[in-house]
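Enquirer:
So this is what it looks like as structure tokens:
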């Protein structure tokens, strides 16, 4: 029945991964851990798995791999624990909100030669992946400018905002990773401007809800990112890449593609309104890639280094907002 | 200043052609005739032309060509008159509602060697023309099936319906010509079904407001036409051609191409709501082609024969509705 | 674990349904039958089910329902057999190629009060279903004209053509059902024209590969259907409905929605090239509806009567091609 | 025949304006001036106008207005000359490359109470204007983020680059004006990053060919601009505005809107490849607005102040590239 996987954390994203594991050939959902035993039990039951305390999972020699879906402040400790236990590790982003802590953690991972994959699910979206494939096939020549539009249907609750590390570490971090994935060149400097336009409460918590970020690479390529915590028309997720011989774009996705024509005009339905329905295929492909990396002994991608670099970009963006200037990655 | 053109009829379509003539290099609007002297005067003044009675236009040796925009029941007589006068003739469709009268008229035109071009403006629409060009360049292989969707924003007034010759001779006639233009093969048989779904008044006048027509060529190619006298969303004018190696479509046109995204969805504005704004470019290109035919002594297209054949298709459609069967063109 | 379902026939469509059953809450793939034991075994193994002869399935009191995916000429017999056995039945279309046999079979089903659902999967496509929902919500007013474009990427092999009953019974039958589903009014007459434009071999077998069909309802609504066995650009499946206050369309579907811009123009990828990937969601929703009908004791839709009516339309179309006239359903 | 207009400069843009004047009701092309008499004569002949030296135009009491289409370094002097002569003035952007010179010139204009309109033609594009109209009608709520994509099909020749004032004053200046037009709020700071990715020759001339600019307003709204001197797919001119209750976008324009479907996919033709065909309607509407301002004694828009502010934004952008920081408009 393939490799045995434990899921740590039976919340929203834990459920997504549990389902993906169950549907992946060569993998088996073996155990579920959660601080709330009922949540663990419900999820385990759904797929015929057992529940187990985290220590039990790490001690269980049957377990090949874990998927870490617990709160952010536990990620680094759990990665180290399971690296010591010799398990392959998939961890939701970010590894930690502190760059220092992330570096220490990755040091441990490296020393132990552990397999660590980071949950930048958007790399596995078939539309975004097709954009990257087209670039690699040389269909647009040399990449020159990337535009990422990434807006949420609505803001998360204040409780979440408070522990999220702020918009750059929580939301833009996906776009930072996507920029790196598409530019295929390391970023030299970051400029960011950020405002509170959506909800004053977010401002009171010291965070922003609207941001525009410009990345510049060493060779002078640009990437601009547009973020908002409120898009009335749905989950706005688009990518455009302009190159020397053409351009390629991935369009927004909607649950049904119909068009209603009336005297008001031609109306298409709103976009997906939730990341889970928007990225259903991406979550499945991501877990399949993790399983494939373990089974075929391949280096997983995105890895811990990718997590570190995206977080460094978030740090630079924060510094840029404060200092109103482009911040070099060498300053972080 | 190029060839001198007289416009006969200063109504809606006369104005369109007068403007087109004035804007065409190598042509000059020379005279305007209309049963209503004020209408003629107003149009003539706008472009610095004179007014003249029809006989004056035909007798004036300065006049090279006429554009006939008078009511349908005068077309055949005027064509013959100006053919005798040696003028090049552009005539709005149809030549006459009676096939016999059309044939007699074309006989005269042929005997006199007169230049006669018919006003099937849609052949000159840049989008439809690009479809035809792509076919001729072999981009879709052999043409197999044509679909024409042609719907008016609203029905004409009862007065007009009564003298129009009915939906097939008035409205579908454009689609019949377009079918011939795109199939590039003569049509063997016609099947039509027609209903009164829009306005019972139209039914009382013995006409229909909704029709579906299927044309079949000798080699077995098909064309379907969908007509309605009411499209709440604007002037619906689309063409699709399916071939052995691909398909090509001309899309609907709208005055502005913007898209509004809200919680209701993504809304584009309605289409053009009037044939004059929809076919502005086509009317200009049509007159330019007429002038070009005269100046360069080329056979004009579409010509009288095209007018005859489209009318014969309308006759066949009427017979098909009555007899509920496919009617061969050899029966007409 | 819910109702126990046997799948009869482990071929292409049997696999699709086996997967759908396994993924449907409240259902369990219990047994697989196939004339080729290896095929049955392979499919059964994949989902932890057993293999069984058809008689064993009908005799097994654990079995609640069967899904018939065997060749067409066995459908009617199997429906009757399992109706007698008291099982709920889902059968792929068509029930039989003979109208008489279908009527006899449905008679038996009715007498025995058996649950029978027909495999018109397209009713469950989310895009087509959204079109129907919009109609029912009155968003386009009264339905007036339906246009169905339905083209296969390529023709089936000659062996299949020979037993398929011909293009109208094999391919158009889906469109006939869709027309009925969208018009929500019974069809009064059928006109069809059909040709061999794709492959002369198909003509030699007495079948057609290109067809245009026009349906007219009692109240004068129209539906046109365009069929081809060859669409180089993929599986072309579109629906448009024009009504008194608007129109609604379901667009084609493609695996990835990206757009490449170069000096050649703007290129989107081809459509799905296979009905299984195009209708993945529809197949899942169809089985879910079957399970729901059984569990909640609801009348299934589409049912045997729908299968009969679609087949009658195919008969009428064949007669129309032969007689070159509109054929009334009362003649069938 | 309406107001009499002199066109100064019979080059590319002079021809566009001459045609627009001739087609505008209430205006007449009266005289054409050019340093090359043949060029002036040819253009004058085309519309039945006279040729005249610049001094003759300014002295001619018949002349009501002038349209300045001469090289940039003559703009300010000509504006002052014709302001003194009491003529209404339309001037192509920019007034001058030096902010100081522009301010002095506008001072003179103001003192003399002259009518001065600036040639920011894009405000008159029907699609962009519809975006602005929708914003003013409140259809997207409060404007929050503007994205302008503005790419030329190809770079101008080195000779032009040298006198152009650089990419920000020559190309981005249109986008700066558009940003102000859409944000409806003055801009507080500018960040720009610029590179040479297209043509090293441009770099040798001290200019850039690729730029990304971020504008921030006092209230924290953002605008990002993406510029390139090379778009293989045509003249890429798009606008998106995201607001509190929705978003609105103006799409790219192409000469023909057809779609070719083959086994390669679905192909739409490239965009317009030239600003004159892309903005045909805008040029006509712009001159109509100028004539309307004169005839109806309205303040023209955009005016000299708009020209000054767009130029100041270009200065700020240049400073930002040099200093790698956001530059306040109060620093310029």
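Protein chains in written order, with full-length UniProt numbering: chain D, 1 to 332; chain H, 1 to 332; chain U, 1 to 332; chain E, 1 to 332.
The beta-carbon is built from N, C-alpha and C at its ideal position, and this holds for glycine as well.
Since the structure is predicted, the reported quantities are computational estimates derived from the model, not experimental observations.
#1: By the 10 Å Cβ neighbour count, where 16 or more other Cβ atoms means buried, how is residue 276/D classified, buried or exposed?
#2: So, with DSSP's three-state summary, where would you put residue 296/H?
#3: For residue 134/D, go through chain U and note every residue whose CB falls closer than 9 Å to its CB, in chain order.
#4: By how many angstroms is the C-alpha of residue 171/D removed from the C-alpha of residue 89/U?
#5: By the 8 Å beta-carbon criterion, what residues does the region 232 to 259 of chain D contribute toward chain U?
#6: Using C-beta distances below 8 Å, list every residue in its chain close to residue 167/D, excluding the 5 sequence neighbours before and after it, in chain order.
#7: Check the C-beta distance from residue 332/E over to residue 312/E and give it rounded, since I have them as a contact under 8 Å.
#8: Nearest by alpha-carbon distance to residue 180/D: which of 318/D, 153/D, 319/D and 148/D is it?
#9: Could you tell me the distance, in whole angstroms, from the CA atom of residue 292/U to the CA atom of residue 10/U?
#10: Is the separation between the beta-carbon of residue 267/D and that of residue 28/H shorter than 8 Å?
#11: Can you tell me which of the three DSSP states residue 205/H falls into?
#12: Span of the alpha helix (DSSP H) holding residue 178/H?
#13: Against chain C, does residue 267/H count as a neighbour if the rule is that its beta carbon must be under 8 Å from one of theirs?
#14: Which residue's Cα is closest to the Cα of residue 178/U: 132/U, 139/U, 191/U and 198/U?
#15: Which same chain residues, not among the five before or five after residue 237/E, have their C-beta less than 7 Å away from its C-beta?
#16: On the premise that residue 175/E lies in contact with residue 235/E, defined as a C-beta separation below 8 Å, what is that separation, rounded to the nearest angstrom?
#17: Would you give the residue range spanned by the beta strand (DSSP E) that residue 319/E belongs to?
#18: I'd like to know whether the C-beta of residue 67/D is nearer than 8 Å to at least one C-beta of chain U.
#19: Give the straight-line distance between the Cα atoms of residue 59/D and residue 295/D, rounded to the nearest whole angstrom.
#20: Relative to the alpha-carbon of residue 72/U, which residue among 257/U, 94/U, 316/U and 156/U has its alpha-carbon at the smallest distance?
#21: With which residues is residue 236/U paired in a DSSP beta bridge?
#22: Taking residue 122/D as the query, report the chain U residues whose CB atoms sit under 8 Å from its CB, ordered along the chain.
#23: Leaving out five residues on either side along the sequence, give the residues of the same chain with a beta carbon under 7 Å from the beta carbon of residue 109/H.
#24: Indicate whether at least one CB of chain H lies closer than 8 Å to the CB of residue 228/U.
#25: Counting C-beta neighbours from all protein chains within 10 Å, is the total for residue 120/E 16 or more, i.e. buried, or is it exposed?
#26: Can you list, in chain order, the residues of its chain whose CB lies under 7 Å from that of residue 340/H, leaving out five sequence neighbours each side?
#27: Does DSSP classify residue 275/U as helix, strand or coil?
#28: Which value, in whole angstroms, describes the spacing of the CA atoms of residue 308/D and residue 91/D?
#29: Under DSSP, the alpha helix (DSSP H) around residue 107/H begins and ends at which residues?
#30: Closer than 8 Å, CB to CB, is residue 180/E near chain H or not?
#31: For the region 133 to 161 of chain E, which residues have a beta carbon sitting closer than 8 Å to at least one beta carbon of chain H?
#32: Residue 264/U CB to nearest chain E CB: under 8 Å?
#33: Count the other C-beta atoms from every protein chain shown that fall within 10 angstroms of the C-beta of residue 123/H, then say buried if there are 16 or more, exposed otherwise.
#34: Within the same chain, show all residues whose beta-carbon is closer than 7 Å to that of residue 47/H, passing over the 5 residues directly before and after it, in chain order.
#35: So what's residue 333/D in DSSP terms, helix, strand or just coil?
#36: Under 6 Å Cβ to Cβ from residue 319/E, same chain only, skipping five residues before and after it: list those, please.
Expert: According to the structure data:
#1: Walking along the first chain from the start, residue 276/D turns up at place 276. The residue is exposed, with fewer than 16 neighbouring Cβ atoms inside 10 Å.
#2: On the second chain, residue 296/H is found 296 positions in, with the first residue counted as 1. Note: residue 296/H maps to coil in three-state DSSP.
#3: Taking the first chain and counting its residues from 1, one reaches residue 134/D at position 134. Those within 9 Å of residue 134/D in chain U are 258 and 260.
#4: Position 89 of the third chain, counted from the first residue, corresponds to residue 89/U. Position 171 of the first chain, counted from the first residue, corresponds to residue 171/D. Distance between the alpha carbons of residue 89/U and residue 171/D is about 49 Å.
#5: Going along the region 232 to 259 of chain D in chain order, one finds 245, 246, 247, 248, 249, 250, 251, 253, 255, 256, 257, 258 and 259 with a Cβ nearer than 8 Å to chain U.
#6: By 1-based counting over the first chain, the position of residue 167/D is 167. Cβ within range, chain order: 194, 207, 208, 209, 211, 227 and 229.
#7: One-based indexing of the fourth chain puts residue 332/E at position 332. One-based indexing of the fourth chain puts residue 312/E at position 312. Indeed they touch by this definition, with Cβ atoms about 5 Å apart.
#8: The sequence position of residue 180/D within the first chain is 180, counting from 1. Looking at the Cα atoms, 148/D is the closest of the given residues.
#9: Mapped onto the third chain, residue 292/U falls at position 292. Mapped onto the third chain, residue 10/U falls at position 10. Between residue 292/U and residue 10/U, the C-alpha separation is close to 23 Å.
#10: Residue mapping note: residue 267/D aligns to position 267 of the first chain, counting from 1. Residue mapping note: residue 28/H aligns to position 28 of the second chain, counting from 1. Cβ atoms of residue 267/D and residue 28/H: not closer than 8 Å.
#11: Taking the second chain and counting its residues from 1, one reaches residue 205/H at position 205. Looking at residue 205/H - three-state DSSP - the assignment turns out to be coil, as it is neither helix nor strand.
#12: Residue mapping note: residue 178/H aligns to position 178 of the second chain, counting from 1. Unbroken alpha helix (DSSP H) run through residue 178/H: 173 to 183.
#13: You won't find chain C in this structure, because its protein chains are D, H, U and E.
#14: As a first step, residue 178/U is located in the third chain; it is residue number 178 there, counting from the start. The shortest Cα separation from residue 178/U among 132/U, 139/U, 191/U and 198/U belongs to 132/U.
#15: Translated into the one-based positions of the fourth chain, residue 237/E becomes position 237. Once the five neighbours on either side are set aside, the close Cβ partners of residue 237/E are 150, 252 and 278.
#16: As a working note, residue 235/E is residue 235 in the fourth chain. As a working note, residue 175/E is residue 175 in the fourth chain. Not confirmed; about 14 Å, so no contact.
#17: Mapped onto the fourth chain, residue 319/E falls at position 319. Here residue 319/E belongs to no beta strand (DSSP E); instead the alpha helix (DSSP H) covers 304 to 323.
#18: For the purposes of this step, residue 67/D is identified with residue 67 of the first chain, where counting begins at 1. Chain U contact via Cβ: absent.
#19: One-based indexing of the first chain puts residue 59/D at position 59. One-based indexing of the first chain puts residue 295/D at position 295. Approximately 21 Å, taken between the alpha carbons.
#20: Within the third chain, residue 72/U is the residue found at index 72, counting from 1. Measuring from the Cα of residue 72/U, the nearest candidate turns out to be 94/U.
#21: What you label residue 236/U is simply residue 236 of the third chain in a count that begins at 1. Residue 236/U pairs with 151/U.
#22: The residue labelled residue 122/D in the question sits at position 122 within the first chain. Within chain U, no C-beta atom comes nearer than 8 Å to that of residue 122/D; the closest sits roughly 14 Å away.
#23: In the second chain, counting from the first residue as 1, residue 109/H sits at position 109. For residue 109/H, where only same-chain residues beyond five positions count, the Cβ hits under 7 Å are 79, 83, 116 and 304.
#24: For this step, residue 228/U is matched to residue 228 along the third chain. Yes, because at least one Cβ of chain H sits closer than 8 Å to the Cβ of residue 228/U.
#25: Taking the first residue of the fourth chain as position 1, residue 120/E is located at position 120. So residue 120/E ends up on the buried side.
#26: Given a span of 1 to 332 for chain H in the structure shown, any question on residue 340/H remains unanswerable.
#27: Translated into positions along the third chain, residue 275/U becomes position 275. Helix.
#28: To locate residue 308/D, count along the first chain from 1; it is residue 308. To locate residue 91/D, count along the first chain from 1; it is residue 91. Straight-line Cα distance between these residues: approximately 13 Å.
#29: Walking along the second chain from the start, residue 107/H turns up at place 107. Per DSSP, residue 107/H belongs to the alpha helix (DSSP H) from 99 to 112.
#30: As a first step, residue 180/E is located in the fourth chain; it is residue number 180 there, counting from the start. Not closer than 8 Å to any Cβ of chain H, the Cβ of residue 180/E fails to qualify, so no.
#31: 134, 139 and 140
#32: Along the third chain, read from residue 1 onward, the residue named residue 264/U stands at position 264. Closer than 8 Å to some Cβ of chain E, the Cβ of residue 264/U qualifies, so yes.
#33: If you number the second chain from 1, residue 123/H lands on position 123. Per the 10 Å Cβ criterion, buried.
#34: In the second chain, residue 47/H corresponds to position 47, counting from 1. Excluding sequence neighbours, residue 47/H sits near 18, 22 and 29.
#35: The requested residue 333/D is not part of the displayed model; chain D covers only 1 to 332.
#36: Here the question's residue 319/E lines up with position 319 in the fourth chain. Here the set comprises 327.
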